[in-house]
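Just add 43 to wherever you are in the sequence shown, counting from 1, and you've got the working numbering. Where a beta carbon is used, it is the ideal one built from N, C-alpha and C, also for glycine. Predicted, not measured: the structure shown is a model, and the values here were computed from it. All remarks here apply to the structure that follows.
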Amino acid sequence: MAAILTSLRNTVIAGFVLAAVLFAMYLNWGGDLGHGFWAFIFRWLHVISGVMWIGLLWYFNFVQIPNMPNIPDEQKPAIGKVIAPAALWWFRWGAMATIVTGIILASMNGYLLEAYTLGIIEGFAVEKNIAIGIGMWLGTIMWFNVWFVIWPNQKIALGMVDAEADAKAKAARTAMLFSRTNTLLSIPMLFAMVSAQNIY
Numbered sequence: 044m045a046a047i048l049t050s051l052r053n054t055v056i057a058g059f060v061l062a063a064v065l066f067a068m069y070l071n072w073g074g075d076l077g078h079g080f081w082a083f084i085f086r087w088l089h090v091i092s093g094v095m096w097i098g099l100l101w102y103f104n105f106v107q108i109p110n111m112p113n114i115p116d117e118q119k120p121a122i123g124k125v126i127a128p129a130a131l132w133w134f135r136w137g138a139m140a141t142i143v144t145g146i147i148l149a150s151m152n153g154y155l156l157e158a159y160t161l162g163i164i165e166g167f168a169v170e171k172n173i174a175i176g177i178g179m180w181l182g183t184i185m186w187f188n189v190w191f192v193i194w195p196n197q198k199i200a201l202g203m204v205d206a207e208a209d210a211k212a213k214a215a216r217t218a219m220l221f222s223r224t225n226t227l228l229s230i231p232m233l234f235a236m237v238s239a240q241n242i243y
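Following this line, the structure appears as structure tokens:
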């Protein structure tokens, strides 16, 4: 067991092997591999991606940013040169995977246009599509912030792009403010997504 748990790669592989066992159980019980199954697979991938993305968003905002002032200056390069770039890689690709799997799922289930138009094209008749649409728009805004505001500014702030000290400080502040914006939006976004599945 230690050989599995001491290696992240082995741990993740073991997790997918256990999921494959659950899949085999589903097939053994006569499970159907039709539309419902594939919609489930994309919802599962959407949730896994979202956990990666929002988990790292909350890590940055609840752990890293508030504790940076407590880290001695000589130790800060370890965060900026090692931990933050790795976390930002998973953060932005988690965002990309979340939005792509979400769009695929909405398309598969036939509510992509209804949701993205917030129910306008169906006369606001289906509350579930309005709720999921609000969640999808909030998620889309958050995805945009990650790829087109936070990441470009983090590259400057972390010194991946040459810049003056003032530009680095400004970029760090911009990245932080948009990261906080995403943290704010994540709460109603998750409310809208979960409500669409449970109360409408």
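- Ranked by how close their Cα comes to the Cα of MET151, the residues ASP75, ILE184, ARG86 and PRO195 have ARG86 in first place.
- PHE167 carries a coil assignment under DSSP once its states are collapsed to helix, strand and coil.
- Spatial neighbours of ALA127 in its own chain (CB-CB distance under 8 Å, excluding positions within 5 residues in sequence) are listed in chain order as GLN107, GLN197 and LEU201.
- In the displayed model, TRP81 falls within a helix according to three-state DSSP.
- Using a Cβ distance threshold of 8 Å, LEU181 and ILE173 do not count as a contacting pair.
- ASN104 places its beta carbon 8 Å or farther from that of ARG216.
- Unbroken alpha helix (DSSP H) stretches of 4 residues or longer found wholly inside the region 112 to 197: 127 to 151, 155 to 159 and 170 to 188, given in chain order.
- The DSSP-derived three-state label of THR49 is coil.
- Within the region 205 to 233, no run of beta strand (DSSP E) reaches 3 residues while sitting entirely inside it.
- If you check the CB distance, GLY166 and SER92 do not come in under 8 Å.
- About 7 Å separates the beta carbon of ILE146 from that of LEU155, a gap short enough to meet the 8 Å contact definition.
- In this structure, the straight-line span from the alpha carbon of TRP72 to that of THR183 is close to 38 Å.
- Across the set PHE134, PRO120, VAL192 and VAL90, the C-alpha of VAL192 shows the shortest separation from the C-alpha of PHE221.
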